[in-house]
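Residue numbers (full-length UniProt numbering): 1 to 74.
Even glycine gets a Cβ: it sits at the ideal position worked out from N, Cα and C.
Predicted model, so just to flag it, every value in this text is computed and none were measured.
Okay, here's the thing in structure tokens:
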């Protein structure tokens, strides 16, 4: 588990989805206008399964600096 503050942990979201014959992940923050999400990181690799995509996305999410969400805030 990360030492990331609960507020930042709540802002950063990992999304895992199937697209174009494979699995991908994206990490988002809420848009400043209040609707939708802004993608701040995504997989360029296509994974064979949801578990592999989620594992890789989780690894990247945990490796982001504590202030990653703040860097993309307005």
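| query | With distances taken from CA atoms, which of 65, 66, 43 is nearest residue 19? | reply | 43
| C-alpha distance - residue 36 paired with residue 29, whole-angstrom precision | 9 angstroms
| query | By how many angstroms is the C-alpha of residue 16 removed from the C-alpha of residue 54? | reply | 6 angstroms
| Closest by CA to residue 45, which one among 60, 69, 33, 31? | 60
| task | Determine, using beta carbons only, whether residue 14 and residue 23 come nearer to each other than 8 angstroms. | result | no
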